[in-house]
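Numbering (UniProt numbering), first residue to last: 1 to 724.
For glycine and all other residues, C-beta sits at the position ideal for the given N, C-alpha and C.
The structure under discussion appears below in the form of structure tokens.
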């Protein structure tokens, strides 16, 4: 120990605020005595034992800095070891552990304050020694404090050797992870986006490129993100401890998640409004209002022979545009005043999401039983009803009839990729986040296969249900061309489908309630996942903030932003920000993510990590997809999307240049996170090293990379040294 061991220590009732001098012990050089800014950490008033000569171990954590201050953890009353973490701007005490009695800091009695003097720039690694501690501290080190029983101490010993612990919340049961992933992946896109995208890209022929893309892109990425999330027990930003230069990918995905989560909740407010109206008899969109010109009652059962399809507007269409959205023809004069009814529905939606997340995965996991299973019950009922309706077979034929020439259009393959991305929720960070709450040895290979298969099955089932009912709608209006009655995107859910339900001969209210309740449940499941991912990023960074505070803060912010989608111009904004802030950004970041995981970190290292975690290495098919097929196909399709890029429009409306400028600013906000955080990572490297070495270090895993469980991390470090 240092020479401070000879300092006087046993003085009765000495003031406990004297400074501790921290001396850096460098094996190659003598001790130095630099004293800098004094920081305070909690200590004990109750005298126990002299701390003079105690050692303090320094470990490196790149994400922390002195600018954030000291983490106020109480020092145990028989401290002999304290763990420090070193950032690039200083050091801070993050944990103090009693090595003499094995007493956790949570059991310590009330404490006062000790001053700890730290070097302004503390070197990484090494041992620090307490050399001046003039406080009388006496205790019987053979006796445990009264707050800890022998049973508690035995449990602590077991926990220290428990390899299943990850140091964070875990799912209550394994099935909750599976169901939560299903609730996340199976969402609104399966019900209204997939049927319309398939119809617009070759009908039944689209299923072929969709399944091919699912196999070579969707499944490999989903499986890889599951493996990395579970192995590291980190969120989608913290997981880039494996390669700090690209931490901006996770933060760029945070921008995209913010965009998608807010407009998703705006859509949910519309669904909830329709759900409320579904209890009314007759359905409010079943009949025209006098002021609606060229309007046809949705509830009419005529043969359609007198309908002019050129000016075909049903009461369902007018109701959606005039009553629910109160939509304007342009937004040149502003967005308008929020619809108070949609604002109330939006508030209810965010209250539900916040309530389900208030206790983290423990509460959301319990909700997953309903969120994942109930939609299939409703979908089964609706499918049974759909295929038994007159004209249903015509709709199914229209949906599945292949247009083989479409297979040779690059646009079809691009749309297949985007559909897989948004359907499975890959490259948003959600999959990594949910997997990070798994136990370390959980079988994610099985879950990845189940979830991706169920997602595809759901898309086909939902498409069959929707087009069976649309076939019935075409039959009711007297046309064989189902395409005439099909509205794309949200119009499919809020115009075409309600129009068809209004024509049901019996109990249309019941089927309307089932349909919109199913949509709302799907929306809640997906929104819970996206919001949880955002929360995890902040929790990984600000661990000292209570979980409920983060939950409520995010819910309030997201609710406030989403109010814009309740205005008459809300759908104009949605189309613009979804294109610029979600689709384009996510596609770009997905390629960088794949390059980081598969090329820089490396498929070999990834497979070694999987072997350490699960006892086997992924087979050659997975390795080939990760290393070559998936990233190369993604790059090719992204280049095509750039070449064929066109300005986004909404229902034929061309945005003003200022609107496009805002859209590209959102795009830049997401993409720029990559170079910004790469620069930050470089600047955080030790200045003593040359620029080339500092640059290369940003592409290497941080020293703390690996399992968060201390026992597993120690074994992992030993394991890695044997295979490198």
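### Message
Buried or exposed, going by whether 16 or more other CB atoms sit within 10 Å of the CB of residue 404?
### Response
Counting other Cβ atoms within 10 Å of its Cβ, residue 404 stays below 16 and is therefore classed as exposed.
### Message
Does the structure place the segment 608–616 close enough to the segment 643–658 that three or more beta carbon pairs sit under 8 Å?
### Response
Segments in contact, no.
### Message
Which same chain residues end up closer than 7 Å to residue 269 when comparing Cβ atoms and leaving out the 5 residues on each side of it in sequence?
### Response
342, 345, 346, 349 and 566
### Task
Mark residue 181 as exposed unless 16 or more other C-beta atoms lie within 10 angstroms of its C-beta, in which case mark it buried.
buried
### Message
Please return the same chain residues whose Cβ sits closer than 8 Å to the Cβ of residue 149, not counting the five positions on each side in sequence.
### Response
The pLDDT assigned to residue 149 is 42, lower than 50, so where the model puts this residue is not dependable, and the model offers no usable value.
### Query
Got a sec, what are the start and stop residues for the alpha helix (DSSP H) residue 374 sits in?
361–387
### Query
Who does residue 654 pair with in a DSSP beta bridge?
649
### Task
Kindly identify the DSSP beta-bridge partner or partners of residue 314.
Answer is 296.
### Query
Leaving out five residues before and five after residue 601 in sequence, what residues of the same chain have Cβ atoms less than 6 Å from its Cβ?
242 and 243
### Query
Does the separation of the CB atoms of residue 252 and residue 674 fall below 8 Å?
Yes, these two residues count as a Cβ contact at 8 Å.
### Task
Helix, strand or coil for residue 290, going by three-state DSSP, please let me know.
coil
### Query
Span of the alpha helix (DSSP H) holding residue 230?
219–232
### Query
Excluding the five sequence neighbours on either side, which residues of its own chain have a C-beta within less than 6 Å of the C-beta of residue 490, listed in chain order?
none
#### Entry: Burial state of residue 430, where buried means 16 or more other Cβ atoms lie within 10 Å
buried
### Contacting residues, own chain, Cβ-Cβ under 6 Å from residue 372 (five flanking each side not counted)
179, 182 and 183
### Task
Whole angstroms is fine: what's the gap from residue 223's alpha carbon to residue 261's?
23 Å
### Message
Just to check my reading of the structure: residue 537 and residue 497 have Cβ atoms closer than 8 Å, yes? What is that Cβ distance to the nearest angstrom?
### Response
36 Å between Cβ atoms; not a contact.
### Task
Would you list the one or two residues that DSSP bridges to residue 725?
A question about residue 725 goes unanswered here, because the residues of the chain that appear run from 1 up to 724.
### Three-pair Cβ contact test at 8 Å for the segment 626–641 versus the segment 408–428
When Cβ pairs closer than 8 Å are counted between the two stretches, the segment 626–641 is seen to touch the segment 408–428, the count reaching three or more.
### Task
Measure from the alpha carbon of residue 598 to the alpha carbon of each residue in 544, 701 and 623, then state which is nearest.
Considering only alpha carbons, the answer is 623.
### Query
Residue range of the alpha helix (DSSP H) that residue 612 falls in?
603–614
### Query
By Cβ distance below 6 Å, which residues in the same chain neighbour residue 522 in space, the five residues on each side in sequence not counted?
Leaving aside the five residues that flank residue 522 on each side, the residues in its chain whose CB is nearer than 6 Å to its CB run, in chain order, 187, 188 and 375.
### Message
Please state whether the Cβ-Cβ distance between residue 452 and residue 379 is less than 8 Å.
### Response
no
### Query
Is DSSP giving residue 533 helix, strand or coil here?
helix
### Task
Assign residue 209 to buried or exposed, taking buried as 16 or more other Cβ atoms, counted over all protein chains shown, within 10 Å of its Cβ.
buried
### Query
Going by Cα to Cα distance, which pick from 298, 334 and 532 is closest to residue 571?
Looking at 298, 334 and 532, the one whose alpha-carbon comes closest to that of residue 571 is 334.
### Task
Would you check if the distance between the CB atom of residue 420 and the CB atom of residue 258 is smaller than 8 Å?
No.
### residue 711 to residue 540 span [Cα, whole Å]
20 Å
### Query
What are the complete alpha helix (DSSP H) segments, minimum 4 residues, inside the segment 497–549?
Runs of the alpha helix (DSSP H) inside the segment 497–549: 497–502 and 508–541.
### Message
My assumption, with CB atoms under 8 Å, is that residue 394 sits in contact with residue 264. Please give the rounded CB distance.
### Response
With a Cβ gap of about 33 Å, residue 394 and residue 264 do not count as contacting.
### Message
Let's see if you can read the secondary structure: which residues bound the alpha helix (DSSP H) around residue 170?
### Response
Per DSSP, residue 170 is not a residue of any alpha helix (DSSP H), being assigned neither H nor E.
### Query
Mind checking whether residue 191 and residue 493 have CB atoms under 8 Å apart?
yes
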